[in-house]
Amino acid sequence: MKTNLGARISNESFLSLFMLGVLVVLFGVACLFVPNFYRPQNMVNILTNNWFIVILGIGVTFLLITGNFDMSVGGNIAMTGVLSVWFCQAAGVSQNALANGLGLPYTAALVLALMCAMGIGAINAFFIARLKVPSIIITLGTMMLARGVAQIVTRGAQRNTSLPDAFGVLGNTAIPGTSVKVAVLVMIVLVVAAFVFEKLTVAGRRTYLIGANPEAARLSGIKVARHITLLYLASGLLAGITGILLASEFKAGVSGRAAGYEFDALVIALLGGVSIAGGFGSVLGMFVGAVILSVVTTAATGLLLSPDWQFTLKGLVTFIAILAQRFALDRRKA
Amino acid sequence: MNGEAWRAGIKKYYIYVVLALIVILFSVVKLGQVQMFGRGHFLSPDSLINLLRTAVPILTLSGAFTLLMISGYIDLSVGSAMSLAAVVFALMVLNGFSFLPALLATLLLGVGMGWLNGLLVMKLRITPVIATLVTLNLFKGIALLIVPHGLSAIKGSAEKLMPAWINDYARKAVLLGLPWAFYAAILVIAILAVVQRKTILGKYAAAIGGNRTAAELSGINAVRMGWLLYILVGFFAALAGLARASYMSLGDPLSGDGMELDNIIAVLLGGTAFSGGEGSVLKTIIGALIIMCVTTGLMTVIPAFWQVMAKGSVLLLAVVLNHLLVRARARA
Chain A
2 MKTNLGARIS
12 NESFLSLFML
22 GVLVVLFGVA
32 CLFVPNFYRP
42 QNMVNILTNN
52 WFIVILGIGV
62 TFLLITGNFD
72 MSVGGNIAMT
82 GVLSVWFCQA
92 AGVSQNALAN
102 GLGLPYTAAL
112 VLALMCAMGI
122 GAINAFFIAR
132 LKVPSIIITL
142 GTMMLARGVA
152 QIVTRGAQRN
162 TSLPDAFGVL
172 GNTAIPGTSV
182 KVAVLVMIVL
192 VVAAFVFEKL
202 TVAGRRTYLI
212 GANPEAARLS
222 GIKVARHITL
232 LYLASGLLAG
242 ITGILLASEF
252 KAGVSGRAAG
262 YEFDALVIAL
272 LGGVSIAGGF
282 GSVLGMFVGA
292 VILSVVTTAA
302 TGLLLSPDWQ
312 FTLKGLVTFI
322 AILAQRFALD
332 RRKA
Chain B
1158 MNGEAWRAGI
1168 KKYYIYVVLA
1178 LIVILFSVVK
1188 LGQVQMFGRG
1198 HFLSPDSLIN
1208 LLRTAVPILT
1218 LSGAFTLLMI
1228 SGYIDLSVGS
1238 AMSLAAVVFA
1248 LMVLNGFSFL
1258 PALLATLLLG
1268 VGMGWLNGLL
1278 VMKLRITPVI
1288 ATLVTLNLFK
1298 GIALLIVPHG
1308 LSAIKGSAEK
1318 LMPAWINDYA
1328 RKAVLLGLPW
1338 AFYAAILVIA
1348 ILAVVQRKTI
1358 LGKYAAAIGG
1368 NRTAAELSGI
1378 NAVRMGWLLY
1388 ILVGFFAALA
1398 GLARASYMSL
1408 GDPLSGDGME
1418 LDNIIAVLLG
1428 GTAFSGGEGS
1438 VLKTIIGALI
1448 IMCVTTGLMT
1458 VIPAFWQVMA
1468 KGSVLLLAVV
1478 LNHLLVRARA
1488 RA
């Protein structure tokens, strides 16, 4: 039996490397055709612009590995953002109902908003882990539920007045000496934490077993329902953190914020080689997927394609990626 | 024994009771301000005609959607398929094509979209949710690209008028104040209900949804059946989109948004099991009417920004009802 380096790495690492190769090629092509693409500032932008999708992608990736979807993250961002603003706004200061909030202290408002975000995760978990309803149906329902709360609290518009000054600090502070925002730092910390969870903890490895064979996982003593519940709570919390950071950056709670982010999070996970068939995928792969998406969309903008191209482009890129990954894995087995 | 009979009775008739209760609720809620059956009342002829006319797309589509879900598959791209069909139909009519060629081209497009979904799911074996989520964005993207930059929809302008006959299909009254499109939808429902109950296609769909391996072992070509069902759904999504374009006299690339959710709610209310294997086209239609009553009825009672919340709640409620009825029976 021949044992070379190529045969010793796992299928996940193989796919991550494969997509990294794709990324390098795409980047090279973009540098040739798009003016100024090679500039360092542009590279920093490509790595950091998608921070909100990457944070969402962490939760979505682990859930996909267990064979479940989470389409509620976009709505959850809007809801948490709007609620954090509403809780913070001063009470009884204006005739305009949208300028009046609950007047809670800043920290209390954030904690409460994050708890609401986890509430959406709890509803998902109850239906999916306890009642065994397909995750796609439930999370599309909670997507509307969360978006609905955002619309009711803002009357279909937005809340952006009578906020304390502290509210805008979190989203607008840059790391000293750079143009990189705190949110990007949050993304890096969360990705590293997720990587450690995936590779080095028992719970992380159990996630793969649940995805590969839920029945075997249950029989070997893993509490599958509890594990999936915790993952949905975590995904809700990550969406909540993103929602608060975005609300702080714009100093406004907008009911239409983050429309379609759930699809983007799914796309980067798929680009990174995560498989819904279960038990397969990695956080690093997801991050590579995010950078690929970023390169493609930035290059498209650089080539002066109208924004209307983005849906078609994302759709095509995802299909090609899914088919290419399957082809690469089949070739590897053969 | 008696308890079993009761449960069977509830499962059979609950959806009609729900529809009746909702209609009664919306007819009494504003009685203080409007007269029973009078102008502005939920049950006035005008309001009923309006409700049924706006219900045409979902009535046209949800029968085929039910058959697909009975066989255990799902199509999340139906809303975008509708939008793309609406845009293409409006574009052809605006550019001087007459009704028949525009109709044929739109339906052909629908078959093509369904064929693509079938190819991805059945042949290339990409998970249905992922494949159709991606085609959702693909179809929507193409529809957005067709609409000229700076416009929100394909519509008539000062230089190029939209022919008035575009309304003939889905707005002009032909019988009892209702348009052709409504009667076409009724015909579609009747045919699909017969297909589901009396033909081999219906039996095979249920067999594949119940247990695909067993169905294949007993000689059913599951790939071809599923593909056919995706094509049917694409075909009727195109017809629904055409009706929407004809009703609004324009091709809006976002007009089908959320259609997949309305269809899922209708199917769940109708008692079709999420995992496939059993269900009923006729009950889905009652479910579709319930959604339309809730959507139009609520608009007269509460502000528009409650709509999304209301629909999300109806979906979760439908899941709970479905769980109680379908699952409880399966366990017994």
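Chain order of the listed sequences is A and B. Per the working numbering, the very first residue in the first sequence carries number 2; after that it's consecutive. Per the working numbering, the very first residue in the second sequence carries number 1158; after that it's consecutive. Note that CB positions come from ideal geometry on N, CA and C, so glycine has one too.
Judged by DSSP secondary structure, Gly-282 (chain A) falls outside any alpha helix (DSSP H); it is assigned neither H nor E. None of the residues of the stretch 1308-1319 of chain B has a beta carbon lying less than 7 Å from any beta carbon of chain A. Rounded to whole angstroms, the separation of the alpha carbons of Val-255 (chain A) and Leu-64 (chain A) is 27 Å. Here DSSP, grouped into helix, strand and coil, assigns Gln-152 (chain A) to helix. The way I'd put it, the stretch 199-219 of chain A doesn't touch the stretch 143-158 of chain A; fewer than three beta-carbon pairs between them come closer than 8 Å.
For Val-26 (chain A), the closest Cβ of chain B is not nearer than 8 Å. Chain A places no beta carbon closer than 8 Å to that of Met-1456 (chain B), leaving this residue out of the contacts.
CA-CA distance, Thr-1370 (chain B) to Val-1477 (chain B), rounds to 29 Å.
Beta-bridge pairing by DSSP links Val-255 (chain A) to A:Gln-159. No residue range can be given for Ala-1330 (chain B), since it is assigned to no alpha helix (DSSP H) and is classified by DSSP as neither H nor E. In summary, no residue of the stretch 222-233 of chain A has a CB separated from any CB of chain B by less than 8 Å. Against Trp-1463 (chain B), the close residues of chain A are Gly-149, Gln-152 and Ile-153, in the order they occur along the chain (beta-carbon pairs closer than 8 Å).
The beta carbon of Phe-1431 (chain B) sits closer than 8 Å to some beta carbon of chain A. For Leu-1335 (chain B), DSSP records a beta bridge to B:Leu-1332.
With its beta carbon at least 8 Å from every one in chain B, Thr-67 (chain A) lies outside the interface.
Residues of the stretch 122-138 of chain A with a C-beta atom less than 7 Å from some C-beta of chain B are Phe-128, Leu-132, Val-134, Pro-135, Ile-137 and Ile-138, listed in chain order. DSSP places Ala-175 (chain A) within a strand segment (E or B) once states are collapsed to three. Per DSSP, reduced to three states, the secondary structure at Ser-276 (chain A) is strand. Within 8 Å of the CB of Met-145 (chain A), the CB atoms of chain B belong to Leu-1418, Val-1465, Met-1466, Lys-1468, Gly-1469 and Leu-1472, in sequence order along the chain.
Here DSSP, grouped into helix, strand and coil, assigns Gly-261 (chain A) to coil. With contact defined as three or more Cβ pairs closer than 8 Å, the stretch 1289-1303 of chain B and the stretch 316-333 of chain A are in contact. Using a Cβ-Cβ cut-off of 8 Å, Lys-1355 (chain B) does not count as an interface residue toward chain A, since no Cβ of chain A sits closer than that to its own. A distance below 8 Å separates the beta carbons of Phe-1246 (chain B) and Gly-1408 (chain B).
Residues of chain A with a Cβ closer than 8 Å to the Cβ of His-1480 (chain B) are, in chain order, Leu-132 and Val-134. At a cut-off of 8 Å between beta carbons, Leu-1411 (chain B) makes no contact with chain A. In this structure, Thr-1217 (chain B) and Ala-1397 (chain B) form a Cβ contact; the two beta carbons are roughly 4 Å apart against a cut-off of 8 Å. Within chain B, the residues Leu-1233, Glu-1417, Leu-1418, Ile-1421, Gly-1469 and Leu-1472 have their CB atoms less than 9 Å from the CB of Leu-141 (chain A), given in chain order. Across the structure, Ile-59 (chain A) and Leu-232 (chain A) are spaced so that their CA atoms are roughly 10 Å apart.
Cβ neighbours of Met-1226 (chain B) within its own chain (closer than 6 Å, five residues either side excluded): Val-1424 and Thr-1429. Collapsing the DSSP output to three states places Lys-182 (chain A) in a strand.
Relative to Met-1319 (chain B), the option among B:Lys-1440, B:Ser-1406 and B:Lys-1360 whose CA is nearest is B:Ser-1406. Your pair Ile-78 (chain A) and Thr-243 (chain A) checks out as a contact, with CB atoms roughly 5 Å apart and the cut at 8 Å.
Between the stretch 1450-1457 of chain B and the stretch 163-180 of chain A there are fewer than three C-beta pairs closer than 8 Å, too few to call the two in contact.
Within the same chain, Ala-270, Val-275, Gly-282, Val-284 and Met-287 come within 7 Å of Thr-62 (chain A) by CB-CB distance, once the 5 residues on both sides are set aside. Against chain A, the beta carbon of Lys-1297 (chain B) has neighbours under 8 Å at Phe-312, listed in chain order.
Pairing Gly-1166 (chain B) with Ser-1184 (chain B), the inter-Cα distance amounts to about 27 Å.
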